[in-house]
Amino acid sequence: GDRATAPGSGGSSPASGDAVSPAPAGTRTADPSPDAGSGSAVARVIGLVNEERAKAGCAPVTADSGLTGLAQDFSEDMARRDFFAHTDPDGATPWDRAKTAGITGLGGENIARGQATPEAVMDAWMKSPGHRANILNCEYRTLGVGLHQSPGGPWWTQDFGF
Numbered sequence: 007g008d009r010a011t012a013p014g015s016g017g018s019s020p021a022s023g024d025a026v027s028p029a030p031a032g033t034r035t036a037d038p039s040p041d042a043g044s045g046s047a048v049a050r051v052i053g054l055v056n057e058e059r060a061k062a063g064c065a066p067v068t069a070d071s072g073l074t075g076l077a078q079d080f081s082e083d084m085a086r087r088d089f090f091a092h093t094d095p096d097g098a099t100p101w102d103r104a105k106t107a108g109i110t111g112l113g114g115e116n117i118a119r120g121q122a123t124p125e126a127v128m129d130a131w132m133k134s135p136g137h138r139a140n141i142l143n144c145e146y147r148t149l150g151v152g153l154h155q156s157p158g159g160p161w162w163t164q165d166f167g168f
């Protein structure tokens, strides 16, 4: 799979981006305000993450504004520059981007592209071992979710923190 680990983490903090498949072409129409309604979708993703964590005996994660900004910026950047990877075209990793944004304690990142709903993206992530490991990592305490709606997307990012 496509996995990256935080420097000094001993490999315990995967960033996972496999097991994501684009939606069939023509499944959605253009929206004049691309990110309209994304706030409720983001809240739903966090709720679904916490449902899965509760089943696994993990404490819930809470939304973090810094991680939310990091995740939103990355979803928008993937859409704008048309790439889909944890390492951006400039070679920056999730931890590089966090450092640039002044964010410490980034644990892991999940990305997805093409799932139309929070339920669909969570289903894809939970069926992928690396993504599932991030969602169910009981050490993570905070989460930021980014969603960008545009042709070729939606583009989803989860950034987990300690």
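Each residue of the sequence shown is one higher than the one before, counting from 7 in the numbering used here. Beta carbons: idealized from backbone N, C-alpha and C, even for Gly.
- Rounded to whole angstroms, what's the CA-CA distance from R50 to G159? Just pull it up for me. For this step, residue 50 is matched to residue 44 along the sequence shown. For this step, residue 159 is matched to residue 153 along the sequence shown. Near 18 Å, if we compare the C-alpha coordinates of G159 and R50.
- Message: So, with DSSP's three-state summary, where would you put T163?
- Response: Against the sequence shown, residue 163 aligns to sequence position 157. Looking at T163 - three-state DSSP - the assignment turns out to be strand.
- Which residue's Cα is closest to the Cα of N116: G97, T106, L142, T110? Against the sequence shown, residue 116 aligns to sequence position 110. Nearest to N116 by alpha-carbon distance, out of G97, T106, L142, T110, is L142.
- Go ahead and pull the three-state DSSP assignment for R87. Here residue 87 refers to the residue found at position 81 of the sequence shown. Secondary structure of R87 (DSSP, three-state): helix.
- Query: Should H137 and A85 be called a contact, given that it needs their Cβ atoms to be closer than 8 Å?
  - Reply: To locate residue 137, count along the sequence shown from 1; it is residue 131. To locate residue 85, count along the sequence shown from 1; it is residue 79. No; because the gap between Cβ atoms is not below 8 Å, this pair is not in contact.
- Task: Report, in whole angstroms, the separation of the C-beta atoms of T123 and V67, which I expect to be a contact under 8 Å.
- Result: Counting from one through the sequence shown, the residue named residue 123 turns up at place 117. Counting from one through the sequence shown, the residue named residue 67 turns up at place 61. T123 to V67, Cβ: 20 Å. No contact.
- Measure the C-alpha to C-alpha separation of A98 and L76 and round it to an integer number of angstroms. Here residue 98 refers to the residue found at position 92 when the sequence shown is read from its first residue. Here residue 76 refers to the residue found at position 70 when the sequence shown is read from its first residue. Their backbone Cα atoms lie some 13 Å apart in a straight line.
- Query: In its own chain, which residues sit with a C-beta less than 6 Å from the C-beta of Q78, not counting the 5 before and 5 after it?
  - Reply: As a first step, residue 78 is located in the sequence shown; it is residue number 72 there, counting from the start. Correct list, in chain order: G152.
- Message: Spatial neighbours of E58 within its chain, please: C-beta separation below 6 Å, excluding the five flanking residues on both sides.
- Response: Within the sequence shown, the letter at position 52 stands for residue 58. Correct list, in chain order: I141.
- Query: When the Cα of D129 is compared with those of G45, V48, V55, S46, which residue comes out closest?
  - Reply: The residue given as residue 129 occupies position 123 in the sequence shown. Out of G45, V48, V55, S46, V55 has the C-alpha closest to the C-alpha of D129.
- Query: In whole angstroms, what is the alpha-carbon distance linking W101 and T93?
  - Reply: For the purposes of this step, residue 101 is identified with residue 95 of the sequence shown, where counting begins at 1. For the purposes of this step, residue 93 is identified with residue 87 of the sequence shown, where counting begins at 1. Distance between the alpha carbons of W101 and T93 is about 10 Å.
- Task: Would you mind working out which of F168, W162, F166 sits nearest E82, comparing C-alpha positions?
- Result: Within the sequence shown, numbered from 1, the residue matching residue 82 stands at position 76. Selected option, being the one with the closest Cα: W162.
- Since A60 sits in a beta bridge, which residues does DSSP pair it with? As a working note, residue 60 is residue 54 in the sequence shown. Within the DSSP bridge table, the entry for A60 names no partner.
- Pull up the distance between the alpha-carbon of D88 and that of T74, whole angstroms please. The residue labelled residue 88 in the question sits at position 82 within the sequence shown. The residue labelled residue 74 in the question sits at position 68 within the sequence shown. Whole-angstrom Cα-Cα distance: 21 Å.
- Where does V127 fall in DSSP's three states? Translated into positions along the sequence shown, residue 127 becomes position 121. Correct three-state label for V127: helix.
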